[in-house]
Amino acid sequence: MKRRLTKRLLKTTALFSGTESLAMLCGIVRAKVVALAVGASGVGMLGILSLVCEMAGSFVSSGLKTSGVRVIASASPVESARTVHAVRHLALISGLCAAGLVLLLSPLLSTVSFGFIALWPLFAFVAGAVIFNSVSGGESAVLQGSGRLRSLASASSLSALLALVPACVIVWNLRNMWGIALIVLVTSVVSAIVFYAKGRRAVPEKYRKGEGSNYAYGTLLKMSAAMTMSGFLSVAAGYAVVTFIGFGGGLDSVGLYQAGYQMSVRYVGVIFSAMAMEYFPRISAQSSHSRRVELMMRHECMVFLPLAAIGASAFIFLSPWLVRLFYDGSFLQVAPMLVCAAPSFVARVLSWNMAFVILAKGSPRQFMLTECVGALIMAVCVIAGYSLWGLAGAGVGITLDSVLYCTLVAVVNRRWFDIRASSRVWIAAGLFFLLVAGVSLLSQESWG
53 MKRRLTKRLL KTTALFSGTE SLAMLCGIVR AKVVALAVGA SGVGMLGILS LVCEMAGSFV
113 SSGLKTSGVR VIASASPVES ARTVHAVRHL ALISGLCAAG LVLLLSPLLS TVSFGFIALW
173 PLFAFVAGAV IFNSVSGGES AVLQGSGRLR SLASASSLSA LLALVPACVI VWNLRNMWGI
233 ALIVLVTSVV SAIVFYAKGR RAVPEKYRKG EGSNYAYGTL LKMSAAMTMS GFLSVAAGYA
293 VVTFIGFGGG LDSVGLYQAG YQMSVRYVGV IFSAMAMEYF PRISAQSSHS RRVELMMRHE
353 CMVFLPLAAI GASAFIFLSP WLVRLFYDGS FLQVAPMLVC AAPSFVARVL SWNMAFVILA
413 KGSPRQFMLT ECVGALIMAV CVIAGYSLWG LAGAGVGITL DSVLYCTLVA VVNRRWFDIR
473 ASSRVWIAAG LFFLLVAGVS LLSQESWG
């Protein structure tokens with residue numbers, strides 16, 4: 053049984069790792085074109101506009117996507133169609149609300165981001181992207197919750213490929229901030245079209261009929277409210293970091309930090325996203341059986357801990373080459389940040405799996421509190437690290453944040469749900485973490 057489960061989760065992870073890697077590759081090409089066409093300031097602007105869209109989406113609709121997967125996966129056949137209808141309906145409404153929020157606050161966003169109000173039209177323009185991102189998120193939740201993982205992978209790959217060419221052509225020809233704002237919008241529009249078409253075609257007939265009941269709407273809203281606030285605060289913490297860096301060093305410094313953050317957190321995060329595609333619906337379906345959830349969580353950690361250690365070690369040695377590949381030689385000063393952030397990969401295997409346990413147990417209040425504290429820890433660690441040691445310090449802050457957050461979610465799981473990782477899991481995690489930290493220190497000494 054355990055061997056069959058390992059084979060299934062590795063197969064699903066490989067599928068979505070390939071899908072996410074393709075999307076990541078398209079993002080890398082897009083960022084490289086921006087770096088060549090506009091420079092580090094362009095990468096910084098792209099990061100800020102993207103963060104604003106994410107922050108707005110988190111404030112209104114990110115909780116809906118996560119709660120939608122859980123509710124659809126655990127719904128009875130009678131309620132499944134109503135739940136799907138409710139997810140789609142609420143995704144559209146929340147996207148419109150989030151877009152209106154960005155439009156209304158665009159002068160403030162420009163002032164906070166750059167210190168002057170003149171660039172507010174850029175933020176107003178990308179408000180439309182928030183609507184399409186919300187539609188994509190709703191269809192993604194429906195596909196994942198209903199078990200249509202291959203269709204979800206297909207939609208992700210196709211949307212990334214179709215959006216790449218127009219985005220690169222736009223920024224290469226315009227070579228200004230409006231070109232960057234336009235590629236944010238175009239990417240969102242293409243993604244929404246692909247996910248909508250794939251979702252309507254791939255989801256079984258039983259999920260297409262019916263209208264949302266008060267029960268479906270009530271369950272989704274109750275679960276998503278707390279998650280929405282936690283998601284907003286998490287993105288807001290990232291926004292606070294880039295704003296702090298921007299005020300101290302300008303857009304070029306923001307661009308360098310964003311490049312390092314994308315490589316050490318976002319790009320590596322595709323593996324964790326791939327893990328969650330099969331893992332989250334599976335533990336959601338068993339959420340009423342704590343011992344089963346605990347065993348699933350432990351098994352998932354033991355499978356991926358050695359893979360994370362191997363990947364982190366390779367990431368350390370390849371970091372200068374990866375920087376040149378993803379961006380260009382002018383971004384090489386980002387490499388120390390990547391090396392210092394590499395040990396976080398091991399800690400994130402534990403924290404990622406344990407955080408999904410909180411979601412699967414249907415406890416939005418505990419999840420909200422955990423993520424709020426986690427967002428604060430992240431902002432403090434990265435800002436303090438950057439203030440002390442620059443980009444390398446930001447990498448140290450990312451690693452410290454991952455360790456503290458892992459401890460936090462472990463305490464929450466043990467106290468509220470009596471679910472804990474075994475001593476075998478903790479020992480393995482500690483040994484692998486020390487191994488990667490040692491490789492990181494040795495690599496820095498060899499550079500010196």
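Note that our numbering has the sequence shown beginning at 53, numbered continuously upward. Don't be surprised by glycine CBs; every beta carbon is placed ideally from N, CA and C. Model, not experiment: these values are computed from the prediction.
* **Same chain, Cβ closer than 6 Å to residue 264, neighbours up to 5 away in sequence not counted** => Reliability fails at residue 264, whose pLDDT of 48 lies under 50, so the model's placement of it is uncertain and no value is given.
* **Counted within 10 angstroms of its Cβ, other Cβ atoms place residue 475 as buried (16 or more) or exposed** => Exposed, because fewer than 16 other Cβ atoms sit within 10 Å of the Cβ of residue 475.
* Asked: residue 423 to residue 311, Cα distance in whole Å?
  -> One Cα belongs to residue 423, the other to residue 311, and the distance between them is close to 24 Å.
* Asked: Taking just the CA atoms, how far does residue 246 sit from residue 377?
  -> The straight-line gap from Cα to Cα measures roughly 29 Å.
* Asked: Does the Cβ of residue 463 have 16 or more other Cβ atoms within 10 Å, making it buried, or fewer, making it exposed?
  -> Counting the other Cβ atoms within 10 Å of the Cβ of residue 463 gives fewer than 16, which makes it exposed.
* With C-beta atoms as the reference, is residue 416 less than 9 Å away from residue 119? -> Result yes, Cβ atoms of residue 416 and residue 119 sit closer than 9 Å.
* Give the secondary structure of residue 319 by DSSP, where H, G and I count as helix, E and B as strand, and everything else as coil. => Assignment of residue 319 by DSSP, reduced to helix, strand and coil, places it in the coil class.
* To do: Return the CA-CA distance between residue 486 and residue 179, expressed in angstroms with no decimal places.
  => Residue 486 and residue 179 have their C-alpha atoms roughly 44 Å apart.
* To do: Indicate whether the contact test is met: 3 or more Cβ pairs, each with one atom in the segment 71-87 and one in the segment 367-386, closer than 8 Å.
  => Short answer: they touch.
* Asked: In three-state DSSP terms, what is residue 84?
  -> The answer is helix: DSSP assigns residue 84 an H, G or I state.
* To do: Alpha carbon to alpha carbon, how far is residue 205 from residue 259? Give it in angstroms, no decimals.
  => Caution is warranted here: a pLDDT of 48 is assigned to residue 259, below 50, making its placement in the model unreliable, and no coordinate value can be reported.
* Do the CB positions of residue 175 and residue 186 come within less than 9 Å of each other? -> No, they are not a contact pair.
* Quick one: is residue 293 buried, meaning 16 or more other Cβ sit within 10 Å of its Cβ, or exposed? -> With 16 or more other CB atoms across the displayed protein chains lying within 10 angstroms of its CB, residue 293 is buried.
* Neighbourhood of residue 183 by C-beta, 7 Å cutoff - its chain only, sequence neighbours within 5 removed -> If we look at residue 183 and ignore the five residues flanking it on each side, its Cβ neighbours are 147, 148 and 151.
* Would you kindly report the start and end of the unbroken alpha helix (DSSP H) that includes residue 185? => It spans 172-197 - the alpha helix (DSSP H) in which residue 185 sits, taken as one unbroken run.
* Would you decide whether residue 308 is buried or exposed? Buried here means 16 or more other CB atoms lie within 10 Å of its CB. => Per the 10 Å Cβ criterion, buried.
* To do: Mind the definition here: the segment 432-450 touches the segment 358-365 only if three or more C-beta pairs lie below 8 Å; say whether that holds.
  => Flag = no, the segment 432-450 and the segment 358-365 do not touch.
* Examine the Cβ distances between the segment 398-414 and the segment 343-358 and report whether three or more of them are shorter than 8 Å. => Cβ pair count under 8 Å is three or more, so yes.
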